[in-house]
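**Student:** Residue numbers for the sequence shown, in the working numbering: 1 to 585.
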Amino acid sequence: MADSYFVDPAELAWHDETPFSETYQDIYWSSHADSPLSEKQAVFVDPVRTMARRCKPGSQITVCELGFGFGINCLLTADMWRDLPPDCRLNFISIEKHPVRKQDLAQLLSKFEFSSHEPLLAQYPPHYRGQHVIWLSNNVRLLLIIDDIDDALGNLDAQVDMWFLDGFAPSKNQAMWQPALYRKMFSRSRHGAEVATYSAAGGVRRGLEYAGFTTRKIDGFGRKNEMLSAKRPGTWQPLESCRDSITIIGAGLAGIFCAEALTRRGIEFQIIDGGDPGPSTIPQLAVMPQLALASEPRYRFSFAACHYMQSAPGYYKTGVHRWGQNDDEITRLQQITAQFPDEIIEFLDNRMVMHEAGWLAFEETKRSIIDQSTRAQIGSIRQDGQWQCLEGDNVISSSDHLILATGFNRELLPNELEVRAIGGHAVSVKTSGLSRIINNNVTVFPTYEGRSIISGTYEREADASVNWSSISELIQAAAKLVEFDESSAEPWHGIRAAARDRFPIVGQAPDWQKLHEFNRLSAINEYQNGLHYCTAFGSRGATHARLAAEHLVSKILREPAALGLKEQRLMSPARFAIRNRKPDE
């Protein structure tokens with residue numbers, strides 16, 4: 001089912017400790033090899049090692065594997081990468097239609113000693129469709145794509161240095177070994193990119209050549225006499241990572257997670273904290289996916305973003321219990337829940353229980369990521385060789401790249417973004433023993449340092465003052481759900497930044513003047529060099545901001561994008577200007 005959240009996992013049998021695919025009736029690796037490691041080392045990892053010898057400090061290599069299986073190729077390549085300088089980065093992409101279950105993965109990996117098997121198991125996602133970011137070390141990122149291979153490649157935003165064709169044999173899995181696939185590979189290959197495969201089939205050779213690759217036969221491994229090697233014409237050079245200076249405006253959720261993504265890569269930056277009264281100032285923030293009956297890209301992004309938060313500092317996985325407010329909503333929640341395994345989401349007594357959801361203690365998050373920031377109220381920015389941030393007439397920062405990760409800000413965010421201010425209230429009360437999030441008309445958080453947050457209201461009029469009527473309504477609604485000391489209530493009021501379509505605005509800033517010359521999003525290729533947005537997360541910043549920030553930083557640094565092309569179009573800063581165009585323009 002193309003629009004389902006989940007794909008079917010791999011159905012396995014074990015033949016003398018060698019995994020066998022019941023779906024494709026084929027083994028995962030040759031039973032004649034001394035071990036799967038020796039075969040995969042020779043066929044796939046050694047060619048990457050040859051490339052890696054040409055890497056200079058600060059460069060990066062991108063590998064894309066078709067067929068993740070048990071992750072052996074990925075883990076072997078990551079181990080090899082440990083011998084390189086720490087500022088050399090490995091971007092490993094792997095596409096898998098039928099991922100193995102986590103327990104099967106753990107069973108097999110227990111037989112080997114990989115340096116990165118623990119982070120892989122800790123971050124390994126359930127078998128739901130989409131792109132999943134997994135950090136094996138600070139300079140090795142796995143982008144695991146669980147999807148049909150044709151859809152996955154079509155949605156991939158990357159330029160590849162080395163391809164691993166490691167699916168089941170062409171006679172067993174014809175869908176993977178097809179000319180249309182090779183053409184997509186070619187269009188996503190850098191000059192001089194190579195293809196490694198154990199196959200020597202004539203159909204594979206002809207398909208690669210028709211797509212534009214040059215091919216040759218090389219010595220095979222083990223009992224195979226020969227195998228194919230292919231290359232895109234041109235001279236290959238490792239890609240140098242961006243070394244430009246970077247400034248972030250905003251030290252809320254979006255800004256802090258941009259800082260985390262840069263820090264992980266060892267990139268220096270300046271972050272400017274304007275003290276905006278946004279949601280980030282609340283001690284507890286909900287982390288739960290936005291879901292619908294249809295598994296559209298925006299909801300798959302939300303689910304992947306929620307999973308990516310599992311490894312964030314300051315995250316507490318407590319589960320969320322969400323009650324339906326009427327018969328129609330209860331039915332809708334039941335229908336959504338039916339699409340998920342019970343260990344992920346289940347329906348109990350008129351409520352949806354999201355086991356992987358939880359909440360974020362943002363101050364913990366912030367302290368673990370940055371230890372200092374520049375306090376300033378930036379009123380304007382300008383481009384003068386570099387992007388300058390001004391407080392009054394004073395230049396606070398100059399840099400090659402500027403990330404606007406602010407909340408609602410009329411001075412810095414152009415009207416074309418159509419960012420709206422949404423007011424909201426929350427209240428902190430004394431509690432004890434609350435262990436999960438209750439979402440039933442209002443949201444009540446678990447006890448944290450003796451208190452719980454009750455949220456949240458949505459007010460179109462973004463007044464800066466506390467509305468005591470709203471606070472009273474929150475307290476009264478929460479009192480029906482849990483016991484707490486009402487006299488201990490401490491109110492909070494702030495302003496959320498939200499887009500018109502309630503989806504984040506993330507990406508490079510268009511050249512707004514030139515934008516009006518184009519009719520389609522796909523035709524836009526004029527941008528403001530070095531200016532980027534990461535904003536308008538509404539009430540879902542704690543869920544969405546980390547993955548969105550990781551994506552934006554990956555784009556700035558010319559890495560494979562953490563999000564696919566469909567998700568990027570949904571988040572595009574240009575989307576409203578395009579939708580608002582008149583037919584005759």
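In this text, a Cβ means the ideal position worked out from N, Cα and C, and glycines have one as well.
(1) Is the Cβ-Cβ distance between Y316 and G358 less than 8 Å?
(2) What did DSSP end up calling S554 once you bin it into helix, strand or coil?
(3) Under 8 Å, with one C-beta from each stretch per pair, do the segment 81–88 and the segment 100–110 reach the 3-pair mark?
(4) Taking the straight line between their C-alpha atoms, what separation do you get for S311 and Q123?
(5) Under a three-way DSSP split, which group does I578 fall into?
(6) Could you tell me the distance, in whole angstroms, from the CA atom of D328 to the CA atom of L75?
(7) Would you decide whether R579 is buried or exposed? Buried here means 16 or more other CB atoms lie within 10 Å of its CB.
(8) Is DSSP giving L156 helix, strand or coil here?
(9) So what does W492 bridge to, in DSSP terms?
(10) Given P313, which residues of its chain have a CB within under 6 Å of its CB, disregarding the five upstream and five downstream residues?
(11) Is G319 closer than 8 Å to R436 when the C-beta atoms are compared?
(12) Can you name, in chain order, every residue of its own chain whose Cβ lies under 7 Å from the Cβ of G154, other than the five neighbours on each side?
(13) Is it the case that the segment 153–172 contacts the segment 18–26, given that we only count it when at least three CB pairs across the two stretches are under 8 Å?
(14) Looking at the C-beta of Y299, does it have a partner C-beta in chain D at a distance below 8 Å?
(15) For F362, does the three-state DSSP call read helix, strand or coil?
(16) Excluding the five sequence neighbours on either side, which residues of its own chain have a C-beta within less than 7 Å of the C-beta of I330, listed in chain order?
(17) Within its chain, find whatever has a CB closer than 6 Å to the CB of M354; leave out the 5 residues flanking it on each side and keep chain order.
(18) Leaving out the 5 sequence neighbours to the left and right, which residues in its chain are closer than 8 Å to A479 when beta-carbon positions are compared?
(19) Does the segment 123–137 come within contact of the segment 4–19, defined as at least 3 CB pairs closer than 8 Å?
(20) State the DSSP-derived secondary structure class of R265, mapped to helix, strand or coil.
(21) Tell me whether R183 sits in a helix, a strand or coil according to DSSP, three-state version.
(22) Which residues bound the alpha helix (DSSP H) around P119?
(23) In whole angstroms, give me the CA-to-CA distance for N440 and G456.
(24) Rounded to whole angstroms, what is the Cα-Cα separation between C258 and D342?
(25) Quick one: grab the DSSP three-state call for N529.
(26) Could you have a look at Q388 and say whether DSSP puts it in helix, strand or coil?
(27) Counting only the same chain and skipping the five closest in sequence on each side, list residues whose C-beta sits under 7 Å from that of Q476.
(28) Residues in the same chain with beta-carbon distance under 6 Å from I505, minus the five sequence neighbours each way, listed in chain order, please.
(29) Taking the runs of the beta strand (DSSP E) that are 3 residues or longer, which of them lie wholly in the segment 328–376?
(30) Assuming contact is defined by CB atoms lying nearer than 8 Å, are I381 and L402 in contact in what I supplied?
(31) Just how far apart, CA to CA, sit F408 and Q41?
(32) With a cut-off of 8 Å, do at least 3 Cβ pairs link the segment 184–194 to the segment 207–214?
(33) Does the distance from the C-beta atom of L66 to that of L136 stay below 8 Å?
(34) In whole angstroms, what separates the C-alpha of I61 from that of R54?
(35) Quick one: what does DSSP say I282 is sitting in, helix, strand or coil?
(36) Have a look at I422 and T77 and give me their C-alpha separation to the nearest angstrom.
**Tutor:** Well, looking at it:
(1) Taking the sequence shown and counting its residues from 1, one reaches residue 316 at position 316. Taking the sequence shown and counting its residues from 1, one reaches residue 358 at position 358. Closer than 8 Å, so yes.
(2) The residue labelled residue 554 in the question sits at position 554 within the sequence shown. Residue state, collapsed to three classes: helix.
(3) no
(4) Working through the sequence shown from its first residue, we reach residue 311 at position 311. Working through the sequence shown from its first residue, we reach residue 123 at position 123. So the two alpha carbons sit approximately 7 Å from each other.
(5) The count along the sequence shown starts at 1 and reaches residue 578 at position 578. I578: helix per DSSP, three-state reduction.
(6) Position 328 of the sequence shown holds residue 328. Position 75 of the sequence shown holds residue 75. Roughly 47 Å between the two C-alpha positions.
(7) Residue numbering aside, residue 579 sits at position 579 when the sequence shown is read from its first letter. Within a 10 Å sphere around the beta-carbon of R579 sit fewer than 16 other beta-carbons, which makes this residue exposed.
(8) Locating residue 156 in the sequence shown gives position 156, where the first residue counts as 1. Coil at L156, not helix or strand.
(9) Position 492 of the sequence shown, counted from the start, is the residue given in the question as residue 492. The partner list for W492 (beta bridge, DSSP) reads A426.
(10) Here the question's residue 313 lines up with position 313 in the sequence shown. Excluding sequence neighbours, P313 sits near T365, S368.
(11) Here residue 436 refers to the residue found at position 436 of the sequence shown. Here residue 319 refers to the residue found at position 319 of the sequence shown. Taking 8 Å as the Cβ cut-off, R436 and G319 qualify as a contacting pair.
(12) Counting from one through the sequence shown, the residue named residue 154 turns up at place 154. Closer than 7 Å at Cβ, skipping near neighbours: K184.
(13) yes
(14) The structure shown contains no chain D; it is built from a single protein chain.
(15) As a first step, residue 362 must be located in the sequence shown, where it is residue number 362. F362 falls in the helix class under three-state DSSP.
(16) On the sequence shown, position 330 is the one that residue 330 refers to. These residues qualify, in order along the chain: G324, N350.
(17) Along the sequence shown, one-based indexing puts residue 354 at 354. Once the five neighbours on either side are set aside, the close Cβ partners of M354 are M288, V320, I345.
(18) Within the sequence shown, numbered from 1, the residue matching residue 479 stands at position 479. Result list for A479: E486, in chain order.
(19) yes
(20) For the purposes of this step, residue 265 is taken as the residue at position 265 of the sequence shown. Three-state DSSP puts R265 in coil, outside helix and strand.
(21) Along the sequence shown, one-based indexing puts residue 183 at 183. Annotated three-state conformation of R183 is helix, per DSSP.
(22) Here residue 119 refers to the residue found at position 119 when the sequence shown is read from its first residue. 117–123 is the span of the alpha helix (DSSP H), which, as asked, contains P119.
(23) Position 440 of the sequence shown, counted from the first residue, corresponds to residue 440. Position 456 of the sequence shown, counted from the first residue, corresponds to residue 456. Taking the straight line from one Cα to the other gives about 11 Å.
(24) Counted from its first residue, the sequence shown places residue 258 at position 258. Counted from its first residue, the sequence shown places residue 342 at position 342. About 33 Å.
(25) Here residue 529 refers to the residue found at position 529 when the sequence shown is read from its first residue. The answer is strand: DSSP assigns N529 an E or B state.
(26) As a working note, residue 388 is residue 388 in the sequence shown. Three-state result, Q388: strand.
(27) Here residue 476 refers to the residue found at position 476 when the sequence shown is read from its first residue. Same-chain partners within the cutoff: there are none.
(28) Position 505 of the sequence shown, counted from the start, is the residue given in the question as residue 505. If we look at I505 and ignore the five residues flanking it on each side, its Cβ neighbours are L417, A499, Y533, T535, A536, P573.
(29) Taking only runs of at least 3 residues, the beta strand (DSSP E) segments lying wholly in the segment 328–376 are 345–348, 351–354, 358–360.
(30) For the purposes of this step, residue 381 is taken as the residue at position 381 of the sequence shown. For the purposes of this step, residue 402 is taken as the residue at position 402 of the sequence shown. Against a cut-off of 8 Å, the Cβ pair of L402 and I381 comes out as a contact.
(31) To locate residue 408, count along the sequence shown from 1; it is residue 408. To locate residue 41, count along the sequence shown from 1; it is residue 41. One C-alpha to the other measures close to 52 Å.
(32) yes
(33) Position 66 of the sequence shown, counted from the first residue, corresponds to residue 66. Position 136 of the sequence shown, counted from the first residue, corresponds to residue 136. In this structure, L136 does not lie closer than 8 Å to L66 by Cβ.
(34) Locating residue 61 in the sequence shown gives position 61, counting from the first residue. Locating residue 54 in the sequence shown gives position 54, counting from the first residue. Approximately 10 Å between the Cα atoms of the pair.
(35) Your numbering for residue 282 matches position 282 in the sequence shown. Here I282 sits in coil by DSSP.
(36) Reading the sequence shown from its first residue, position 422 is the one you call residue 422. Reading the sequence shown from its first residue, position 77 is the one you call residue 77. Using only the alpha carbons, I get a separation of about 47 Å.
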